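Notes for the one structure printed next.
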Amino acid sequence: MQFKLTSGFIIFLGSYLPLALILAVQDIPISWWSNSFCDFSDIDNCLFNPFQHRYFSIVFIVISIISVIISNMSLKKIDYPFDGEVKSSKTIPNDIINYVFPYVVSFMGISYDAPEKMLGFVVFLLWMFAITYKSGQIIMNPILLMFGWKLYEAKIVINGQERDVRVMKKGALTRGNYKFQSIQDFYISKDIS
110 MQFKLTSGFI IFLGSYLPLA LILAVQDIPI SWWSNSFCDF SDIDNCLFNP FQHRYFSIVF
170 IVISIISVII SNMSLKKIDY PFDGEVKSSK TIPNDIINYV FPYVVSFMGI SYDAPEKMLG
230 FVVFLLWMFA ITYKSGQIIM NPILLMFGWK LYEAKIVING QERDVRVMKK GALTRGNYKF
290 QSIQDFYISK DIS
């Protein structure tokens, strides 16, 4: 199974939620932090939106959050046509963390004040999406950790063939029988109901 381009892009965008939050926090002027949030006796002067660039900050956060939600819902709707057995497995969480860490760090210096840097950032995101989509690594989304998904290196048997593969599963992957689906270079697994 291959992710459709739109589904792959939504999963990819969801992985950049931490970056959207970092950019939003950087878009709050330091003077705002010393203000009182809200005096309920003077409700007209409450400060609910601290961002200098409200449109960019809010839109990027909302798009990222919606992408995370759609990604999580999409994973729940996957069909698992293969029965298989896990012979052995070990977690490899560093692969998921390594997927996003360099990108977040490399763009800590961008802000909504510099349109040329933001345009460069958009080009970078599109380039990274193309690379991860074509290489079959789109499923390595660190945000999935927040929903309990883990990445494993496992020895499995499907249709009588033993294979060494990478498997994503919500929760622990121990020895035993599971349902599987192949997505790009990964297998996704769930418990047999």
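Just add 109 to the spot in the sequence shown (first one is 1) and you have the numbering used here. Glycine residues also receive a C-beta, built at the ideal position from the N, C-alpha and C atoms. For clarity, every value in this text was computed on a predicted model and none was experimentally measured.
Residue from the options with nearest C-alpha to residue i
i, options, result
"F191", "K279, G269, L282, R284", "G269"
"N181", "P127, N250, V266", "N250"
"F118", "S176, F160, N144, I139", "S176"
"A129", "G285, S166, L114, V195", "S166"
"L254", "K279, L132, I170", "K279"
"N64", "I131, D136, Q135, P159", "The structure shown does not extend to residue 64, since the chain is modelled only from 110 to 302, so the question has no answer here."
"E262", "K243, M237, I297", "I297"
"L282", "K186, S197, L114", "S197"
"R163", "Y221, K113, S173, T200", "Y221"
"D136", "R275, F238, A223, D273", "A223"
"L234", "W141, S173, S140, K113", "S173"
Collapsed DSSP secondary structure at residue i in the structure displayed
i, result
"R272", "strand"
"I297", "strand"
"G193", "strand"
"K113", "coil"
"Y125", "coil"
"S220", "coil"
"N181", "helix"
"K226", "helix"
"Q60", "The structure shown has nothing for residue 60, since the chain only spans 110 to 302."
"R163", "helix"
"I247", "coil"
Beta-carbon contacts of residue i that lie in its chain and below 8 Å, excluding the five residues immediately before and after
i, result
"G245", "Q293, D294, F295"
"V232", "none"
"S116", "S183"
"M277", "I248, L253, W258, K259, L260, Y261, F295, Y296, I297, S298"
"R272", "K264, I265, V266"
Cβ shell of residue i (< 6 Å), same chain only, five flanking positions each side left out
i, result
"A284", "Per the sequence shown, residue 284 should be read as Arg rather than Ala. V195."
"L252", "First, the residue type needs correcting, since residue 252 is Ile and not Leu in the sequence shown. Hits under 6 Å: G123, S124, L126, V177."
"I170", "A129, A133"
"K226", "I219"
Cut-off 7 Å between Cβ atoms - residues of its own chain near residue i, not counting five sequence neighbours on either side
i, result
"P138", "Q161"
"T241", "F121, I247"
"D300", "Y287"
"V266", "G193, E194, K196"
"K199", "Y261, E262"
Residues that residue i bridges to, as DSSP identifies them
i, result
"W258", "K279"
"A263", "S198, V274"
"F289", "F191, S298"
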